[in-house]
Amino acid sequence: MSKDAQPTPTEAKPAAPAAKQPVPQQPEAKLERVTFADLPGWTSDDHLAALNAFLKSCDAVGKAAAKPPTNKAVSQCKVPAGELAVACRAAQDVKASSKAAAKAFFEAQFEPHRIVQQKPKGLLTGYYEPVLEGSRTPEGKFQTPVYKRPTDLVNVVDEADRASKPDGLTHVRQTTAGESPYPTRAEIEQGALAGKGLELLYLEDPVEVFFMHIQGSGRIHLTDGTTVRINYDGKNGHPYTSIGRYLIDNNLLDANKVSMAALGKWLREDKARGQQVMWQNRSYIFFRELGNEAEGPMGAMSVALTPGRSLAVDTGYHTLGTLLYVSAPTLVHATKQSGFNRLMVAQDVGSAIKGPERGDIYFGSGDEAGKLAGVTKHEGNFFVLLPKSAQSAEHGIRFGEHLQWQTTVKGGDDL
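Residue numbering for the sequence shown follows our numbering, starting at 41 and increasing by one per position.
If you want it as structure tokens, here you go:
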């Protein structure tokens with residue numbers, strides 16, 4: 041949005057629908073083969089923790105591999121689900137029970153490749169599962185509703201691919217007259233869905249509810265003494281708008297001091313002003329209640345996320361279930377060491393996660409995880425681990441000989 045005609049926060053109106061623009065082409069990304077010795081901190085990582093997180097994805101990877109392939113163009117660094125399924129079977133067979141055994145498995149079954157793109161560095165942020173108080177009915181201080189998914193909400197794109205439509209609707213309302221846009225955040229919070237039986241829970245603080253929408257999950261301690269876990273179950277389909285960016289662009293927050301805590305403080309200082317600014321983000325999230333057996337919030341693969349190992353990615357570049365080694369030398373608060381060097385699994389997505397080296401680290405549940413996530417915004421590089429022993433069903437080739445996507449060999453020419 042142009043700064044020239046921006047209203048002040050007290051006068052802010054809900055953001056107007058974005059004008060349709062030509063769909064931009066995806067930035068080109070290639071893979072450059074490297075060795076495990078080239079991965080910073082590889083020998084010090086907990087490879088068994090990474091293997092266990094990878095194994096969680098295997099059932100979902102197998103189901104994805106069984107689906108007919110699509111004809112749409114894919115990124116050169118996107119690993120086919122069928123190749124991941126072969127690697128999953130090898131992981132299930134190895135039954136590694138030690139860090140050393142897991143490390144040996146990865147080195148025997150995979151080859152690391154650096155992502156090469158226009159930008160020299162990628163970007164890492166963080167997210168977490170808030171733990172809040174709430175009620176099943178509106179009582180006392182609990183008056184802010186959390187809505188479940190409406191029955192007339194339909195997907196325009198698969199949930200895992202919603203970040204691939206940054207300017208278009210990802211969900212719409214299905215009516216007898218056809219499809220129409222769903223109400224915006226402002227319209228919903230002004231009563232567009234009230235009284236329709238969609239209220240799942242009630243929480244206290246509208247700002248906490250807003251942040252929970254961004255995180256996509258929450259653990260709620262209820263007034264009856266029980267605790268429930270709620271998880272993302274769709275959105276109203278409108279594009280996500282960063283209100284942090286909105287405040288920076290309007291010189292209302294210092295770009296060097298923006299964090300979740302600073303943003304929350306600003307929004308709460310003047311509730312009416314804060315509400316108007318939150319309405320700049322037209323996107324609104326719906327939730328579902330998970331069963332008591334859920335060990336954690338569910339990512340886009342419908343598997344429980346693993347703190348410090350699950351990564352939200354752009355599925356335009358990465359297949360869910362892909363192993364990614366992430367190196368961020370300045371991200372020291374997450375490890376209390378010299379930097380963040382860790383083998384992670386692409387298990388989630390996010391509306392703001394766009395690009396080949398753009399990742400959102402899941403830090404876990406509760407306030408401490410929230411503090412880590414809230415100050416995470418660091419440059420880093422990604423390495424894709426390609427399964428070298430898997431046969432390509434389409435081309436009958438082996439990784440390391442010739443890939444169906446273009447790669448380069450470190451120090452050499454394009455293959």
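Quick reminder that beta carbons are idealized off the backbone N, C-alpha and C, glycines included.
In this text the structure is predicted, and so the values were computed from the model without any measurement.
DSSP places Q230 in the helix class (H, G or I) of the three-state scheme. As the crow flies, the alpha-carbon of S84 is around 19 Å from that of H153. For M338, the pairing in a beta bridge is given by DSSP as A344.
In the displayed model, H418 falls within a strand according to three-state DSSP. D400 is bridged by DSSP to T165 and A352.
Segment contact: the region 274-294 against the region 406-417, fewer than three CB-CB distances shorter than 8 Å; contact not assigned. Excluding five sequence positions before and after S391, the CB atoms of its chain that fall closer than 7 Å to its own CB belong to R202, A203, Y280 and S323, given in chain order. Under the three-state reduction of DSSP output, Q183 falls in the coil class, being neither helix nor strand. Counting the other Cβ atoms within 10 Å of the Cβ of K305 gives fewer than 16, which makes it exposed.
Under DSSP, the beta-bridge partners assigned to R213 are L193 and S220. Within the same chain, and ignoring the five residues on either side of Q132 in sequence, the residues whose Cβ sits closer than 8 Å to its Cβ are L95 and C98. In the DSSP assignment, G174 forms a beta bridge with L243 and L262. Cα atoms of A100 and E309: separation of roughly 44 Å, rounded to the nearest angstrom. By the Cβ-count criterion, E335 is exposed, with fewer than 16 other Cβ atoms from all chains shown falling within 10 Å of its own Cβ. Y286: member of the alpha helix (DSSP H) spanning I283 to D289, first to last residue. Out of L209, H358 and V186, the CA that lies nearest to the CA of G395 is found in H358. According to the DSSP assignment, G122 belongs to the alpha helix (DSSP H) that extends over A121 to V134.
Spanning the alpha carbons of E72 and V156 requires a straight line of approximately 7 Å.
The three-state reading of DSSP puts R269 in strand, counting E and B together. Spanning the alpha carbons of A374 and T216 requires a straight line of approximately 50 Å.
In this chain, Q116 is not harboured by any alpha helix (DSSP H), its DSSP state being neither H nor E.
The shortest CA-to-CA distance from H278 to any of P427, Y222, A234 and W319 is the one to Y222.
The beta carbons of E179 and T263 sit closer together than 8 Å. Membership of A392 in any alpha helix (DSSP H) is not indicated, and neither H nor E is assigned to it by DSSP.
Membership of L293 in any beta strand (DSSP E) is not indicated, and neither H nor E is assigned to it by DSSP. By a beta-carbon distance limit of 8 Å, R328 contacts N271. Their separation comes to about 6 Å. S405 carries a strand assignment under DSSP once its states are collapsed to helix, strand and coil.
Beyond the five residues adjoining it in sequence on each side, L287 comes within less than 6 Å, by CB distance, of L293 in the same chain, given in chain order. Counting along the chain, the unbroken alpha helix (DSSP H) around V101 starts and ends at C98 to A106.
Burial state of D400 is buried, judged by a 10 Å Cβ sphere holding 16 or more other Cβ atoms. When secondary structure is reduced to three states using DSSP, H87 falls in the helix class. Counted as a single uninterrupted DSSP element, the stretch harbouring L360 is not any beta strand (DSSP E), since DSSP gives it neither H nor E. Contact between G410 and I325 does not hold, since their C-beta atoms are separated by about 17 Å, which reaches or exceeds 8 Å.
The C-beta separation of N421 from K107 comes to about 31 Å, leaving the pair out of contact by the 8 Å criterion.
Rounded to the nearest whole angstrom, the CA to CA distance from L412 to V343 is 22 Å. Beyond the five residues adjoining it in sequence on each side, N381 comes within less than 6 Å, by CB distance, of P80, G81 and S367 in the same chain, given in chain order.
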